């Protein structure tokens, strides 16, 4: 199971992004500043945007899902129960996991942006898609739910997960790091070796690197372990 | 055509000509062939589909209910083609420039600002709709009318929230009425002849 990008160029408005590489099974972190082209890449990987040149091939992938930054795009149910069911899932466990236990009859339109985000992410993660693309999944979440999302993403070991974010406070355990620089996607390789090559790591990783410590992975806990000397 | 004032004038004149008679519609279509780059939105299926399917469906309904469907098809197609051209030629801030130029920095500025905000909302809605359809296809493989209703309700609410936020920002920045703007317009060599021709077509169609 893998997604292969062969000399791909993606144009969107006046913006152009170049990308080559192969995403295999595991969790891939794609980082880059705001406006660098992460959402453009996410759309192309999900099939919502055709490359102007090159080719994107999905090998052995039967299902794919893109979770967009604004969760409202995904909502089609008239109640929270109906919404979870529309993803082909059983409502009770998913609603409990999203922090909505006992609220299945509520109208999704009455939920806040953060609540909708929790709901959509819980549904997407529960569906066990072969290719899961998450575009800025941490936006609109509070610190507690950011940590919870990282924990759940770290547990996802089947299929390909591509996480595109500029998040600076919280990341899950990942297998590979990619970075968008100067209009092109650069594969930095596997963790932890890739961490040394990262030009814009989150500040907690940067703090560890400044002390000469390379964390084993990219979570805040890994950075803390490295700084405290238990690893690194 | 580059001058937004002449684009607006030509659009109004040709729309009026196409609306009142079949000869006016044919002349407007001829003007579109001669004076524009004749670009249909081929890379974007929704507006292209709208330009073809909407007039055809409405004309078919008019014919079935005893009306003159062909006349309706010709006139509506001409109006939509000219409108599509005018929309594709637009640049940010033009409506504000034209409003201020035509009616001054009071009412003209207000009118231009409202126009700019409306066009911006159309762009946002277009983008939102694309994202919404992609999300629905990913979720359930197909887009049903039943599934669209709550999603569209969320988009409407988002648009209302955006309008309220924009109003708040303007109020916080001290906006009350009108503004100060000295617009400058760029003009291509064929702008004036094309606009004169458009006005001529309108006069020929409107004057008995």
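Protein chains in written order, with this note's numbering: chain A, 1 to 232; chain B, 233 to 440.
C-beta: ideal position from N, C-alpha, C; glycine also.
This one's a predicted model, so the numbers in the text were calculated from it and none came from an experiment.
What in chain B is Cβ-close to residue i, meaning under 7 Å?
i, result
"residue 1(A)", "Near residue 1(A) there are no residues of chain B at all, since even the closest Cβ is about 18 Å away, more than 7 Å."
So the candidates are the options; which of them puts its Cα closest to the Cα of residue i?
i, options, result
"residue 390(B)", "120(A), 136(A), 22(A), 71(A)", "71(A)"
"residue 58(A)", "199(A), 150(A), 142(A), 2(A)", "2(A)"
"residue 11(A)", "40(A), 30(A), 22(A), 26(A)", "40(A)"
"residue 108(A)", "119(A), 143(A), 88(A), 226(A)", "119(A)"
"residue 283(B)", "311(B), 367(B), 371(B)", "311(B)"
"residue 157(A)", "220(A), 28(A), 145(A), 56(A)", "28(A)"
"residue 321(B)", "270(B), 299(B), 249(B), 434(B)", "270(B)"
"residue 147(A)", "166(A), 194(A), 219(A)", "219(A)"
"residue 429(B)", "330(B), 348(B), 301(B), 265(B)", "265(B)"
"residue 366(B)", "117(A), 50(A), 181(A)", "50(A)"
"residue 138(A)", "25(A), 94(A), 86(A), 31(A)", "31(A)"
"residue 235(B)", "364(B), 294(B), 419(B)", "419(B)"
"residue 113(A)", "95(A), 140(A), 92(A)", "140(A)"
"residue 241(B)", "378(B), 314(B), 351(B), 298(B)", "314(B)"
"residue 84(A)", "68(A), 66(A), 63(A), 116(A)", "116(A)"
"residue 347(B)", "325(B), 380(B), 403(B)", "325(B)"
"residue 268(B)", "381(B), 427(B), 237(B), 329(B)", "427(B)"
"residue 258(B)", "289(B), 302(B), 238(B)", "302(B)"
"residue 176(A)", "216(A), 94(A), 35(A)", "216(A)"
"residue 61(A)", "67(A), 25(A), 35(A)", "25(A)"
"residue 395(B)", "384(B), 376(B), 353(B)", "353(B)"
"residue 123(A)", "74(A), 169(A), 188(A)", "74(A)"
"residue 243(B)", "318(B), 401(B), 351(B)", "318(B)"
"residue 65(A)", "4(A), 9(A), 181(A), 125(A)", "125(A)"
"residue 444(B)", "339(B), 329(B), 345(B), 350(B)", "Only positions 233 to 440 of chain B appear in this structure, which leaves residue 444(B) out of reach."
So residue i and residue j are in contact, right, with Cβ under 8 Å, and what is the actual spacing, rounded?
i, j, result
"residue 415(B)", "residue 362(B)", "So it is not a contact: roughly 32 Å between Cβ atoms."
"residue 360(B)", "residue 387(B)", "5 Å"
"residue 76(A)", "residue 368(B)", "7 Å"
"residue 37(A)", "residue 6(A)", "The pair is not a contact, with the Cβ atoms about 18 Å apart (cut-off 8 Å)."
"residue 153(A)", "residue 164(A)", "Residue 153(A) to residue 164(A), Cβ: 13 Å. No contact."
"residue 69(A)", "residue 136(A)", "4 Å"
"residue 399(B)", "residue 341(B)", "Not a contact, Cβ separation roughly 16 Å."
"residue 23(A)", "residue 160(A)", "5 Å"
"residue 16(A)", "residue 183(A)", "6 Å"
"residue 328(B)", "residue 413(B)", "7 Å"
Report the neighbours of residue i on chain A: residues whose CB is nearer than 8 Å to its CB, in chain order.
i, result
"residue 352(B)", "Within 8 Å Cβ-Cβ: nothing; residue 352(B) doesn't reach chain A, min ~15 Å."
"residue 398(B)", "The contacting residues do not exist; residue 398(B) stays about 17 Å from chain A at best."
"residue 371(B)", "65, 74, 76, 86, 87"
"residue 379(B)", "76, 86"
How should residue i be labelled, buried or exposed, when 16 other C-beta atoms within 10 angstroms of its C-beta is the threshold for buried?
i, result
"residue 150(A)", "buried"
"residue 409(B)", "exposed"
"residue 323(B)", "exposed"
"residue 110(A)", "exposed"
"residue 18(A)", "buried"
"residue 143(A)", "exposed"
"residue 285(B)", "exposed"
"residue 316(B)", "buried"
"residue 202(A)", "buried"
"residue 298(B)", "exposed"
"residue 239(B)", "buried"
"residue 14(A)", "exposed"
"residue 378(B)", "exposed"
"residue 145(A)", "buried"
"residue 421(B)", "exposed"
"residue 91(A)", "buried"
"residue 180(A)", "buried"
"residue 364(B)", "buried"
"residue 52(A)", "exposed"
Run down chain A in chain order and give the residues with a C-beta less than 9 Å from the C-beta of residue i.
i, result
"residue 390(B)", "70, 72"
Would you check whether the ligand SAH has a heavy atom nearer than 7 Å to the C-beta of residue i?
i, result
"residue 39(A)", "Of ligands this structure carries none, so the ligand SAH is not represented either."
For residue i, go through chain B and note every residue whose CB falls closer than 9 Å to its CB, in chain order.
i, result
"residue 108(A)", "382, 386"
Taking residue i as the query, report the chain B residues whose CB atoms sit under 8 Å from its CB, ordered along the chain.
i, result
"residue 247(A)", "Residue 247(A) is absent from the model: chain A starts at 1 and stops at 232."
At a CB-CB cut-off below 7 Å, which residues of chain A make contact with residue i?
i, result
"residue 446(B)", "What the structure shows of chain B is the stretch from 233 to 440, and residue 446(B) is not part of that stretch, so it cannot be assessed."
"residue 349(B)", "Result: empty, since nearest Cβ-Cβ is about 20 Å, beyond 7 Å."
Check whether the region 208-221 of chain A touches the region 294-311 of chain B, counting contact only when three or more Cβ pairs, one atom from each stretch, lie closer than 8 Å. no
Mind the definition here: the region 41-52 of chain A touches the region 129-140 of chain A only if three or more C-beta pairs lie below 8 Å; say whether that holds. Result yes; three or more Cβ-Cβ pairs closer than 8 Å.
Stretch pair the region 94-103 of chain A + the region 65-83 of chain A: three plus CB contacts closer than 8 Å: yes
Could you say if the region 420-437 of chain B and the region 247-255 of chain B meet the contact criterion of at least three C-beta pairs nearer than 8 Å? yes
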